[in-house]
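The structure appears below as structure tokens.
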Amino acid sequence: MSAVPLLRVTGLEKSYNVPVLSDFNFELQCGEVHALVGSNGAGKSTFARILSGLTSPDGGEMQFNGRSYAPTSKRDAEHAGVIMVLQELNVIGTLSIAENIFLNRLPQRGGMIRYADLNEKAHQALTRVGLGELDPATPAGQLGVGHQQLIEIAGALSQNCHLLILDEPTAALTDPEIEQLFDNIRKLQAEGVGIIYVSHRMDEIRRIANRITVLRDGRHIATHNVDEITPTELIREMAGHDLPNSKPAGEKSLGPVALTVRNLRAGNRVNDVSFEVRQGEILGIAGLIGSGRTETLRAIFGADPKASGEILLQGRPVVIRSPVDAVRAGIGLIPEDRKQDGLLLSQPIRVNTTLGTLERHAGSGGWLDSDAEVKTSDIFCQQLQVRCASIEQPVGELSGGNQQKVVIARWLARDCGVLLFDEPTRGIDVAAKDTIYQLLRGLARDGKALVVVSSELIELMSLSDRIIVMCEGRIAAEFSASEWTQEKITQAAFSGFMTEKGASSS
Ligand SMILES: Nc1ncnc2c1ncn2[C@@H]1O[C@H](COP(=O)(O)OP(=O)(O)OP(=O)(O)O)[C@@H](O)[C@H]1O
Ligand SMILES: [Mg+2]
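Set out below in structure tokens:
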């Protein structure tokens, strides 16, 4: 490796009342992919935000390309060639895809935006991330979370970049999109770009990274060459101790059918979907981005209008026109995009966890019984290991993974018979993931019916009793635990595309 690293960070300090980064050291070489790992709240995003000029450090030194580096704004960092894709999605829904990709860099002449030029450039950027078929003029708000994430990556890749920071870039992506991203990373690497890769997915890190740095409580714990450390050792370094062995699911019996979905159609993504879930059962839904998984959950919950179809609870038809109807009937939806659907960021954890259950915390005379509120909030935050100063801390100050835990806590507090989970462990660290798996299994054992959408097949296979695979808005296949394999599920996820190709060539 070269003598002068691309980036050298020494003694970095940052506090928000409590220390978040303490005496943190880090080095990145040109052409290196350096993974940054650590539990939720360890300080990874804070470090990334400092590098990209969004936050200023309290102390320490940074050198970039051998020169002192202290960006005072995102623009400043980008000017130096430091580009970051944020953990939280920042696509502006009302702007077109093209405008989002080239925000701040719109091609202009005489004060007018040159749209033909813009759309052509956007098309090239989209092709790079495998979305060449999208019309760059489409409003970005019409895209799902996975595609929005790819739009952000496309934006980053289209800039002059020496150091690329990807903060959990694959959280909403499925395998084929991840492969495309990895191809792009390898190309950049070959051009000498340094890449900082923040992720909780050990398998990915092992495939793409050259070195791994472990952060714990804001401190540098160790840096390893990727082939010199096992996942178990890494997890121990992140947590500071061994993880307890995950308990096997054990015997459980399924009750009567809790939720029936019949011939559901909604928008252009849900096309005649029918399935049943029994009490005590976890039904997994697999499929590619855009296959209609999220849209199916949203239509059941009344978040999107249904074109036709029936929803039955315990065999009785129910009318669900809005989320309010759904919640009254006992259906909960834990959404994939916590920023849009989930949280009041300026409000404390206490308010966010009990928001759904105000009626239960109403004391005599209808006043809020804040003792009860505090108690509920405390129980769930402890159960889910939410890392916070206290339950009075605004949710916006929590790390990404801890915000996700608060969304889950809210729905646990609400005691619904049917729970729909969309990517429940997105952005959640390895140890906490296991806690959430145990929790979901516990809910099922208590007789609740669960539907879980996840892009991580391993997760679906470890959680579900049964898996249905969606493709182009339809159910392409269904597997029981004894039948499924990763290959079979992936094949089913692609099946629609294959028949379509077959049809067009005949
Ligand atoms: N603006 C802020 N005000 C107060 N505390 C903050 C603020 N931003 C971050 N923190 C705290 O700093 C700590 C580190 O957060 P950070 O987002 O860097 O964690 P992370 O390692 O990226 O975690 P995750 O894996 O969940 O994304 C957390 O405890 C968080 O609550
Ligand atoms: Mg983070």
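So for the sequence shown, my numbering puts the first residue at 79; every next one is plus one.
A virtual CB, placed ideally from N, CA and C, is assigned to each residue, including glycine.
All values reported here derive from a predicted model rather than from experimental measurement.
Backbone CA spacing between residue i and residue j [nearest angstrom]
i	j	result
residue 403	residue 380	8 Å
residue 557	residue 245	34 Å
residue 163	residue 263	13 Å
residue 261	residue 275	14 Å
residue 21	residue 384	Absent from the structure is residue 21, since the part of the chain shown begins at 79 and ends at 584.
residue 579	residue 332	Residue confidence is low: residue 579 scores 39 on pLDDT, short of 50, so the model does not pin down where it sits. No coordinate-derived value is stated.
residue 569	residue 552	14 Å
residue 373	residue 425	28 Å
residue 584	residue 86	In this prediction, residue 584 has a pLDDT of 30, which is less than 50 and means its spatial position is unreliable; what the coordinates show is noted afterwards. Their backbone Cα atoms lie some 58 Å apart in a straight line.
residue 131	residue 92	14 Å
residue 476	residue 243	20 Å
residue 582	residue 520	Annotation note: pLDDT 33 at residue 582 (below 50); position unreliable, no value reported.
residue 525	residue 495	8 Å
residue 294	residue 397	49 Å
residue 547	residue 409	22 Å
residue 81	residue 173	44 Å
residue 273	residue 350	43 Å
residue 538	residue 394	29 Å
residue 89	residue 549	50 Å
residue 304	residue 316	15 Å
residue 117	residue 423	21 Å
residue 278	residue 345	33 Å
residue 193	residue 509	47 Å
residue 472	residue 104	30 Å
residue 347	residue 101	50 Å
residue 573	residue 369	11 Å
residue 84	residue 160	11 Å
residue 96	residue 140	22 Å
residue 386	residue 343	5 Å
residue 197	residue 429	44 Å
residue 146	residue 181	28 Å
residue 565	residue 257	16 Å
residue 530	residue 142	44 Å
residue 109	residue 465	34 Å
residue 190	residue 236	21 Å
residue 74	residue 238	Residue 74 is absent from the structure shown; the chain starts at 79 and stops at 584.
residue 210	residue 401	35 Å
Rounded Cβ spacing between residue i and residue j (contact assumed at less than 8 Å)
i	j	result
residue 522	residue 359	7 Å
residue 357	residue 527	6 Å
residue 586	residue 391	Outside the displayed range of the chain (79 to 584) lies residue 586, so it cannot be described from this structure.
residue 481	residue 504	Contact doesn't hold; Cβ gap of about 10 Å is too wide.
residue 214	residue 200	4 Å
residue 229	residue 221	7 Å
residue 542	residue 362	3 Å
residue 479	residue 507	6 Å
residue 586	residue 287	What is shown of the chain runs 79 to 584, which leaves residue 586 out entirely.
residue 364	residue 571	6 Å
residue 415	residue 167	7 Å
Below-9 Å beta-carbon distance, residue i vs any chain B residue
i	result
residue 262	No chain B appears in the structure shown, which is made up of a single protein chain.
Per DSSP, cross-strand counterpart(s) of residue i
i	result
residue 245	276
residue 553	548
residue 352	According to DSSP, residue 352 bridges with nothing at all.
residue 289	112 and 303
residue 186	191
residue 527	496
residue 343	349 and 386
residue 362	530 and 545
residue 294	297
residue 82	In the DSSP output, where bridge partners are listed per residue, residue 82 has none listed.
residue 174	217
residue 337	355 and 391
residue 309	Its beta-bridge partners do not exist; DSSP assigns none.
residue 558	544
If you pair each beta-carbon of the segment 214 to 229 with each one of the segment 249 to 267, do three or more pairs fall below 8 Å?
-> yes
Unbroken beta strand (DSSP E) runs of length 3 or more, entirely within the segment 85 to 124: which are they?
-> Within the segment 85 to 124, the beta strand (DSSP E) runs of at least 3 residues that lie entirely inside it are, in chain order, 85 to 94, 96 to 106 and 111 to 115.
Decide yes or no for the touch test of the segment 508 to 515 against the segment 450 to 469: beta carbon pairs closer than 8 Å, at least 3 of them.
-> yes
Whole beta strand (DSSP E) runs in the segment 439 to 522 with 3 or more residues, listed along the chain?
-> 496 to 500
Does the segment 183 to 194 touch the segment 135 to 152, meaning 3 or more C-beta pairs lie closer than 8 Å?
-> no
Counting Cβ pairs closer than 8 Å, one from the segment 338 to 356 and one from the segment 302 to 311, do we hit at least three?
-> no
Tell me the start and end of each unbroken beta strand (DSSP E) in the segment 391 to 417 that is at least 3 residues and wholly inside, in chain order.
-> 394 to 396 and 409 to 412
At 4 residues or longer, and completely inside the segment 121 to 171: list those alpha helix (DSSP H) runs for me, N to C.
-> 122 to 129 and 152 to 157
Count the CB pairs spanning the segment 144 to 152 and the segment 117 to 124 that are closer than 8 Å, and state whether there are at least three.
-> no
Enumerate, from N- to C-terminal direction, the unbroken beta strand (DSSP E) stretches of 3 or more residues contained entirely within the segment 210 to 275.
-> Listed in chain order, the complete beta strand (DSSP E) runs (minimum 3 residues) inside the segment 210 to 275 are 241 to 245.
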